[in-house]
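Converting from the sequence shown to the working numbering requires adding 5 to each position, the first position being numbered 1.
Presented below is the structure to which this report refers.
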Amino acid sequence: MISKRIKELAKLVPLKKRIIDVGCDHALLDIYMAKKNDKILFLATDISANAIKSAIRNIHENNFESRINTFITNGLDGIDLELDDAIVISGMGTNTIIKIVKPYLEKITDIVIQSNRDIELLREFMFKNGFKIEKEEVIYDDRYYVFIYFKKGSIKYEDVDLWLGPIIKNSDNKDYFEFLLKKYNKMLLGIPNEDSKKKIIQNRVDILLSLIQK
Ligand SMILES: C[S@@+](CC[C@H](N)C(=O)[O-])C[C@H]1O[C@@H](n2cnc3c(N)ncnc32)[C@H](O)[C@@H]1O
């Protein structure tokens with residue numbers, strides 16, 4: 006069964022000529038999207054030969070051999086990227102994601118990312134490298150997942166846009182704000198009064214409280 010997370014991820018992926026799913030694992034996203042969009046081609050890649058073996062089996066069972074290609078590689082290495090491609094990277098940590106995209110930033114125009122951790126660092130990295138956020142979503146599926154569609158282009162962002170997200174901050178996802186509030190309140194307890202970090206976290210708590218009370 007396809008998870009809520011994969012369904013939500015698919016909603017954010019722009020319907021470009023080709024979708025490159027980096028770290029596809031069983032190619033669940035590609036198969037799900039191929040069923041819904043009959044003109045799109047997919048390249049499902051993974052660093053693991055076993056993952057690609059499982060992807061090929063699933064693709065075959067669903068008769069998508071002509072539309073979903075597979076490739077064993079590290080990140081985007083060896084892929085002939087085109088401006089019309091949309092890239093998806095989901096289910097990895099920010100450090101791995103940065104390592105994957107860094108050498109290819111010039112060639113990337115549209116990329117959807119669901120990072121498992123350090124989302125603030127991911128936004129900061131992408132903003133600094135000439136990307137803006139086109140769409141952003143947060144869902145709960147046993148835990149919170151943040152999905153971000155980055156597109157080439159620059160916009161001036163504020164501090165709150167880095168840690169909360171420029172679109173999420175305007176949403177009415179109060180459950181998510183409550184979740185973050187708990188996290189930052191817990192952090193506050195562990196920071197000594199004289200530490201300058203305390204002011205930053207207190208500011209986040211205040212912003213979250215005002216969003217919850219809106
Ligand atoms: C947790 S799974 C996520 C699978 C799928 N993208 C999803 O969201 O459900 C992470 C996948 O990324 C692959 N992976 C990890 N590092 C990678 C890299 N540097 N290049 C390509 N694939 C990688 C792993 O082999 C694994 O299949």
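Beta carbons are placed, not taken as given, at the ideal position from N, Cα and C, and that holds for glycine.
- Query: Got a list of residues with beta-carbon closer than 5 Å to any non-hydrogen atom of ligand 1, in chain order?
  - Reply: This selection yields Gly28, Asp30, Asp51, Ile52, Ser53, Ala56, Asn79, Gly80, Ser95 and Gly96.
- Using beta-carbon positions only, say whether Phe130 and Ile103 come within less than 9 Å of one another. As a working note, residue 130 is residue 125 in the sequence shown. As a working note, residue 103 is residue 98 in the sequence shown. Yes; because the gap between Cβ atoms is below 9 Å, this pair is in contact.
- Query: Would Leu194 be called buried (16 or more neighbouring beta carbons within 10 Å of its own) or exposed?
  - Reply: Sequence index remark: in the sequence shown, residue 194 carries index 189 (1-based). So Leu194 counts as exposed.
- Task: Tell whether a beta-carbon distance below 9 Å holds between Thr75 and Ala32.
- Result: What you label residue 75 is simply residue 70 of the sequence shown in a count that begins at 1. What you label residue 32 is simply residue 27 of the sequence shown in a count that begins at 1. Yes, these two residues count as a Cβ contact at 9 Å.
- Item | From Glu66, Ile77, Arg23 and Leu17, residue whose alpha carbon lies closest to that of Asp30 | Residue mapping note: residue 30 aligns to position 25 of the sequence shown, counting from 1. The shortest C-alpha separation from Asp30 is found at Ile77.
- Query: Hey, is the stretch 37-54 in contact with the stretch 99-113, meaning 3+ C-beta pairs nearer than 8 Å?
  - Reply: Too few Cβ pairs lie closer than 8 Å, so no.
- Message: Helix, strand or coil for Lys150? Go by DSSP, reduced to three states.
- Response: Counting from 1 along the sequence shown, the entry for residue 150 is found at position 145. Before going further, note that residue 150 is Tyr rather than Lys in the sequence given. Tyr150: strand per DSSP, three-state reduction.
- Task: Put Asn74 into one of helix, strand or coil per three-state DSSP.
- Result: Counting from 1 along the sequence shown, the entry for residue 74 is found at position 69. Judged by DSSP in its simplified three-state form, Asn74 adopts strand.
- Straight-line Cα distance separating Met6 from Asn178: As a first step, residue 178 must be located in the sequence shown, where it is residue number 173. As a first step, residue 6 must be located in the sequence shown, where it is residue number 1. Rounded to whole angstroms, Asn178 to Met6 spans 26 Å at the Cα level.
- Message: Check this for me: beta carbons of Lys21 and Asp89, under 9 Å apart or not?
- Response: Against the sequence shown, residue 21 aligns to sequence position 16. Against the sequence shown, residue 89 aligns to sequence position 84. Going by C-beta atoms, Lys21 is nearer than 9 Å to Asp89.
- Do Lys156 and Glu139 have their C-beta atoms within less than 9 Å of each other? What you label residue 156 is simply residue 151 of the sequence shown in a count that begins at 1. What you label residue 139 is simply residue 134 of the sequence shown in a count that begins at 1. Yes, the pair counts as a contact, with Cβ atoms nearer than the cut-off.
- State the beta-bridge partners of Gln119 as determined by DSSP. As a working mapping, residue 119 is identified with position 114 in the sequence shown. DSSP lists Ser95 as partners of Gln119.
- Item | Phe155 in three-state terms, based on DSSP | Position 150 of the sequence shown holds residue 155. In this structure, DSSP gives Phe155 an extended state, which the three-state scheme calls strand.
- Task: Rounded to whole angstroms, what's the CA-CA distance from Ser71 to Lys107? Just pull it up for me.
- Result: In the sequence shown, counting from the first residue as 1, residue 71 sits at position 66. In the sequence shown, counting from the first residue as 1, residue 107 sits at position 102. Cα-Cα distance, rounded: 30 Å.
- Leu214: buried (16+ other C-beta within 10 angstroms of its C-beta) or exposed? Numbered from 1 along the sequence shown, position 209 holds the residue referred to as residue 214. Its Cβ having fewer than 16 others within 10 Å, Leu214 is exposed.
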